[in-house]
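Data block below; observations after.
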Amino acid sequence: MEEIRKKLKEVFGYDSFRGNQEPIIENIMAGNNTFVIMPTGAGKSMCYQMPAILQEGTAIVISPLIALMKNQVDQMNAVGISASFLNSTLSKTEINRIRKATLEGKVKLLYVAPESLTKEENVAFLKSANISFAAIDEAHCISEWGHDFRPEYRKIKSIIDQIKQMPIIALTATATPKVQMDIQRNLHMEAADLFKSSFNRENLYYEVRPKKAIKKQLIKFLREHKGKSGIIYCLSRKKVEEIAKFLQVNGLSAAPYHAGFEPAIRMKNQDDFLNEEVDVIVATIAFGMGIDKPDVRFVIHYDVPKSLEGYYQETGRAGRDGLEGNCVMFYSYSDILKLEKFNKDKTVTERENAKVLLDEMTYYAESAICRRKQLLHYFGEEYDDSECKLSGMCDNCRYPREEFEGKEYVEKAIKSVKQTEQRFGLGHLVGVIRGSQNQYVKSYGHDKLEVFGSGSEQDEHFWKSVLRQTLLNEFILKDIENIGILRMSKKGEAFLKNPTSIMLTRDHDFSDVDTDDDASNDTPASPNAGNSYDPVLFDLLKAERKKIARERDLPPYVIVQDPSLQEMATTYPTTAEALANVNGIGMGKVRKFGSSFLSLIQKYVEDNDIDIEDVVVIKSSGNKSKNKIFIIQQIDRKIDLDEMASIKGWTMSTLLDEIEMICFSGTKLNLDYFLEQIMDEDKEDDIMDYFMNADSDNIEEAMAEFDDEDVSEEDLRLIRIKFISEHAN
Ligand code: ADP
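FYI, the working numbering numbers position 208 of the sequence shown as 231, with every residue one higher than the one before it.
Right, dumping it as structure tokens:
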């Protein structure tokens, strides 16, 4: 071992091994099959890299992720160890070069994608190479009971057998007891030495929030964590883009990431996040694998993930440096239903497996039991939640719900398992306890059992929760062989003989969270949305506008229009940037008229003790900015408006709508080049005069005024743009 430690320092520069690394390396060196379960970031790679370096020949590393492969090979080469990979991205010449080097014994680690491993020509080549052992990374991909099943992983063992007899090391960061058994069985390594580290991440705070007014909640959360790095996971690419955009529009530093972007964009956004050019990355689960950013301060699940395995891996990316890590999941049952719908085209077995994973997700979210206890229990680890209760490191421990004496209920729950001979799942047991007269219960004669109907006064949800808590307390166990089946434990038998006091907790009630995430409660604040503005401030702002107008000898509407004042009276902007964010006001207007509005709002906010941090304002995004850039560029190039409209496939009226939007927000637009062509000077002057003296800029009123002359609505709108550009912007 002395020798190995020297190598550790020499090659990797580390002084000591971490956790189980040392015994694992010894075990593999002794030629034993080895199974490693270690949380992400704990240092799994070292477990096969070191023996590969120390032993004769080449170690094969089977890994599903091509991007990670390259990364690892680069890292190995950087420390002077010869490593290569074989996957579908290589050319024929490159493949030949790597094969040759391997046969010559020059390659210590050969990374292979499972698809490449199964190719006959590769099998033949590996047979003639001197292979030391095989490492199977991300071994949970073998199991169809987990969340990341890859069918080609199931062929690995038979291929390895064809190559030669060699020790296998399988590694994963996530495996429930069932998945663990499946992996070992599939690789014929039931007798392998198991090295399992604790999955507890003490520094992570877990929280589940109802998915209600989620956009508001998001903005509030991000403002409270301003300047910190975080990841927001969404299920769909579309959602990723929408939310990233939404955050940007609301002045937050965010970038999107999903596999559908061009590699260059993906790379840039990822680098920007790693280099702290942006604070928040909004991503699908494609983001994060192999990313080792130590100071991710929060991981938010905007949508409910498909499984607790996935959830735990994704949240595992927070707080790798052992410091703060907030994990917030937004939950609604309608998300679960949506996910179930996605599974409808799968085979029956796949669908049932996916359903079991989703059920676990629901229980986790709705339960008021320590989150950490639930998560660790899921991965087969017993956890005493008194520690979490003391430190308040999950929402359920920080804000505990009232407990009730559960002795009698737990007893019934255990009895239901025992009396039905440990062959049924939760749903059936609940039916038996509640005395359901369904066919199924009757056909097994379960309506004759003592426990039948003994809990009829409580509802289904209550009993589900009791059974889950009985399970979490290990009075009953999950059957590893048969998914969904509950069995007795020794602890449960003992309890039945001598029932003792046990406190239970009622689940959270999420039943009112049936809104979709885009439902009305978080639609963007539009100038006309409701009458939620502050009427006192609105009147003050109106008076201020009048004053400014008088000073400049302009009609008030030219300064700003009512909807913008209403928005100001809703959002209380106190900085130039915030004011420029108000619809209908741009930086140009802020510079020209902003200061007196700003000082008025500042004073008002102070006098009335308004906490503007609490005022969460949501701005919507859209194609507006794209169109804006297009129009301004075209006007700069003096392109005729008819032509512009035809490029976009718009009517003239639509184009004018767009131009007005830009102009009313304070951008100066010079349309003289176009007006010269279509209108004589006198007519133009008349209309300009009219707007200068009118009470409002209403076009219908203007039409009535010019009733008997040859003035079209289009003319009026064009001149109004000119007028506002010249006087207001
Ligand atoms: P995993 O695959 O388990 O997620 P990695 O193998 O990527 O983790 O290792 C995580 C980090 O820990 C890497 O940056 C690695 O260099 C580092 N590491 C591994 N072993 C040690 C060690 N013994 N001492 C210090 N750092 C280590």
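All residues carry an ideal CB built from backbone N, CA and C; glycine is no exception.
Owing to the predicted nature of the structure, the values given are computational and were not obtained by experimental measurement.
Inset, instruction - Using 7 Å as the cut-off, classify the Cβ of residue 189 as near or not near the heavy atoms of ligand 1, replying yes or no. - result: Position 166 of the sequence shown holds residue 189. No, the beta carbon of residue 189 sits no closer than 7 Å to any heavy atom of ligand 1.
Inset, instruction - Could you check the C-alpha separation between residue 437 and residue 191 for me, to the nearest Å? - result: Counting from one through the sequence shown, the residue named residue 437 turns up at place 414. Counting from one through the sequence shown, the residue named residue 191 turns up at place 168. Rounded to the nearest angstrom, the two C-alpha atoms are 40 Å apart.
Legend entry - Of the residues 303, 418, 690, the one placed nearest residue 582, counting alpha carbons only: Position 559 of the sequence shown, counting from 1, holds the residue named residue 582. Nearest option by C-alpha distance: 690.
Inset, instruction - Verify the contact flag: residue 315, CB atom, against every heavy atom of ligand 3, threshold strictly below 7 Å. - result: The ligand content of the structure shown is limited to ligand 1, which means ligand 3 is not among them.
Inset, instruction - Identify which residue in 557, 297, 278 has its Cα closest to the Cα of residue 305. - result: Numbered from its first residue, the sequence shown carries residue 305 at position 282. Looking at 557, 297, 278, the one whose alpha-carbon comes closest to that of residue 305 is 278.
Legend entry - Cβ-Cβ separation, residue 77 to residue 30 (assumed contact under 8 Å), whole Å: One-based indexing of the sequence shown puts residue 30 at position 7. One-based indexing of the sequence shown puts residue 77 at position 54. Between residue 30 and residue 77 the beta-carbon gap is near 7 Å, inside 8 Å, which marks them as a contact.
Inset, instruction - Ignore the nearest five residues each way along the sequence and tell me which others in residue 545's own chain have a CB closer than 7 Å to its CB. - result: Here residue 545 refers to the residue found at position 522 of the sequence shown. Caution applies to residue 545, whose pLDDT of 41 falls short of 50 and renders its modelled position unreliable; the model cannot decide the point.
Inset, instruction - Measure how close the beta-carbons of residue 342 and residue 226 come, nearest whole angstrom, since I'm counting them as under 8 Å. - result: What you label residue 342 is simply residue 319 of the sequence shown in a count that begins at 1. What you label residue 226 is simply residue 203 of the sequence shown in a count that begins at 1. By a beta-carbon distance limit of 8 Å, residue 342 contacts residue 226. Their separation comes to about 5 Å.
Inset, instruction - Give me the Cα-Cα distance between residue 736 and residue 577, rounded to the nearest whole angstrom. - result: Translated into the one-based positions of the sequence shown, residue 736 becomes position 713. Translated into the one-based positions of the sequence shown, residue 577 becomes position 554. If you draw a straight line from the Cα of residue 736 to the Cα of residue 577, it is about 23 Å long.
Legend entry - Range covered by the alpha helix (DSSP H) that runs through residue 334: On the sequence shown, position 311 is the one that residue 334 refers to. Start and end: 331-338.
Inset, instruction - Confirm, please, whether the CB-CB distance from residue 530 to residue 389 is below 8 Å. - result: Stepping through the sequence shown from its first residue, residue 389 is reached at position 366. Stepping through the sequence shown from its first residue, residue 530 is reached at position 507. Residue 389 is a Cβ neighbour of residue 530, given a cutoff of 8 Å.
Inset, instruction - Assign residue 549 to one of two classes, buried (16 or more other C-beta atoms within 10 Å of its C-beta) or exposed (fewer than that). - result: Taking the first residue of the sequence shown as 1, we reach residue 549 at position 526. Because the pLDDT of residue 549 is 37, which lies under 50, any placement of that residue in the model is unreliable, and the number read from its coordinates should be weighed accordingly. It is exposed - the Cβ of residue 549 has fewer than 16 other Cβ atoms within 10 Å.
Legend entry - Endpoints, alpha helix (DSSP H) assigned at residue 324: Residue mapping note: residue 324 aligns to position 301 of the sequence shown, counting from 1. It is not in any alpha helix (DSSP H) - residue 324 instead sits in the beta strand (DSSP E) that spans 319-324.
Legend entry - Straight-line gap, residue 26 to residue 246 (C-alpha atoms, nearest Å): The count along the sequence shown starts at 1 and reaches residue 26 at position 3. The count along the sequence shown starts at 1 and reaches residue 246 at position 223. Straight across, the Cα-Cα distance linking residue 26 with residue 246 is about 52 Å.
Inset, instruction - For residue 303, count neighbouring Cβ atoms within 10 angstroms of its own Cβ and tell me buried if that reaches 16, exposed if not. - result: On the sequence shown, position 280 is the one that residue 303 refers to. Counting every other CB atom within 10 Å of its CB across the protein chains shown gives residue 303 a total of 16 or more, marking it as buried.
Inset, instruction - For residue 741, count neighbouring Cβ atoms within 10 angstroms of its own Cβ and tell me buried if that reaches 16, exposed if not. - result: By 1-based counting over the sequence shown, the position of residue 741 is 718. Flag for residue 741 reads buried.
Legend entry - Beta-carbon contacts of residue 34 that lie in its chain and below 6 Å, excluding the five residues immediately before and after: The residue you call residue 34 lines up with position 11 of the sequence shown. The answer, listed in chain order, is 102.
Inset, instruction - Could you please go through the chain and list the residues whose beta-carbon is closer than 5 Å to any non-hydrogen atom of ligand 1? - result: Going down the chain, each residue whose beta-carbon is closer than 5 Å to a heavy atom of ligand 1 shows up: 37, 40, 41, 63, 64, 65, 66, 67, 68, 69.
Inset, instruction - With a floor of 3 residues, list each beta strand (DSSP E) that falls wholly inside the stretch 84-118, ordered by position along the chain. - result: Counting whole runs of 3 or more residues, the stretch 84-118 contains the beta strand (DSSP E) stretches 106-109.
Inset, instruction - Can you tell me which of 512, 310, 230 puts its alpha carbon nearest to the alpha carbon of residue 416? - result: Taking the first residue of the sequence shown as 1, we reach residue 416 at position 393. Among 512, 310, 230, the Cα nearest to that of residue 416 belongs to 230.
Legend entry - Limits of the unbroken beta strand (DSSP E) element including residue 349: On the sequence shown, residue 349 is found 326 positions in, with the first residue counted as 1. For residue 349, the enclosing beta strand (DSSP E) starts and ends at 348-354.
Legend entry - Nearest-angstrom beta carbon gap, residue 146 and residue 118 [assumed within contact, 8 Å]: Taking the sequence shown and counting its residues from 1, the one referred to as residue 118 is at position 95. Taking the sequence shown and counting its residues from 1, the one referred to as residue 146 is at position 123. Between residue 146 and residue 118 the Cβ distance is about 14 Å, and since that is not below 8 Å, they are no contact.
Legend entry - Status (buried if at least 16 other CB within 10 Å, exposed otherwise) for residue 542: Translated into positions along the sequence shown, residue 542 becomes position 519. Low local confidence applies: a pLDDT of 39 at residue 542 is under 50, so the model's placement there is unreliable, and no value is given.
Legend entry - Buried or exposed (CB count within 10 angstroms, at least 16 for buried), residue 674: Against the sequence shown, residue 674 aligns to sequence position 651. Exposure of residue 674 is indicated by the presence of fewer than 16 other C-beta atoms within 10 angstroms of its C-beta.
Legend entry - Contact check, residue 280 vs residue 325, beta carbons under 8 Å: For the purposes of this step, residue 280 is taken as the residue at position 257 of the sequence shown. For the purposes of this step, residue 325 is taken as the residue at position 302 of the sequence shown. For residue 280 and residue 325, no; Cβs fall outside 8 Å.
Legend entry - Simplified DSSP assignment, three categories, for residue 610: Here residue 610 corresponds to residue number 587 of the sequence shown, with the count starting at 1. Looking at residue 610 - three-state DSSP - the assignment turns out to be helix.
Inset, instruction - For residue 527, collect the residues of the same chain with a Cβ closer than 7 Å to its Cβ; drop the 5 residues on either side in sequence, then sort them by chain order. - result: Locating residue 527 in the sequence shown gives position 504, where the first residue counts as 1. For residue 527, where only same-chain residues beyond five positions count, the Cβ hits under 7 Å are 426, 427, 429, 432, 489, 492.
Legend entry - Which of helix, strand or coil DSSP assigns to residue 439: Translated into positions along the sequence shown, residue 439 becomes position 416. If DSSP states are grouped into helix, strand and coil, residue 439 belongs with the helices.
Inset, instruction - Starting from residue 81, follow its DSSP beta bridges and name the residues at the other end. - result: Numbered from its first residue, the sequence shown carries residue 81 at position 58. In the DSSP output, where bridge partners are listed per residue, residue 81 has 154.
Inset, instruction - Would you decide whether residue 18 is buried or exposed? Buried here means 16 or more other CB atoms lie within 10 Å of its CB. - result: Residue coverage of the chain in this structure runs from 24 to 752, which leaves residue 18 outside it and unanswerable.
Legend entry - Host beta strand (DSSP E) of residue 216 (start-end): If you number the sequence shown from 1, residue 216 lands on position 193. Element bounds for residue 216: 216-219.
Inset, instruction - Take residue 345 as the anchor and find which of 352, 459, 321 has the nearest alpha-carbon. - result: Working through the sequence shown from its first residue, we reach residue 345 at position 322. Of the listed residues, the one whose Cα sits closest to residue 345 is 321.
Inset, instruction - On a CA-only basis, which of 90, 600, 586 is nearest residue 310? Give me that one, please. - result: Mapped onto the sequence shown, residue 310 falls at position 287. Nearest of 90, 600, 586 to residue 310, Cα basis: 90.
Legend entry - Of the listed residues 479, 630, 59, 614, nearest to residue 456 (C-alpha basis): Within the sequence shown, numbered from 1, the residue matching residue 456 stands at position 433. Residue 479 is the option with its Cα nearest to residue 456.
Legend entry - Selected residue, minimal CA-CA separation from residue 269, among 289, 251, 241: As a working note, residue 269 is residue 246 in the sequence shown. For residue 269, the closest C-alpha among the options 289, 251, 241 is that of 241.
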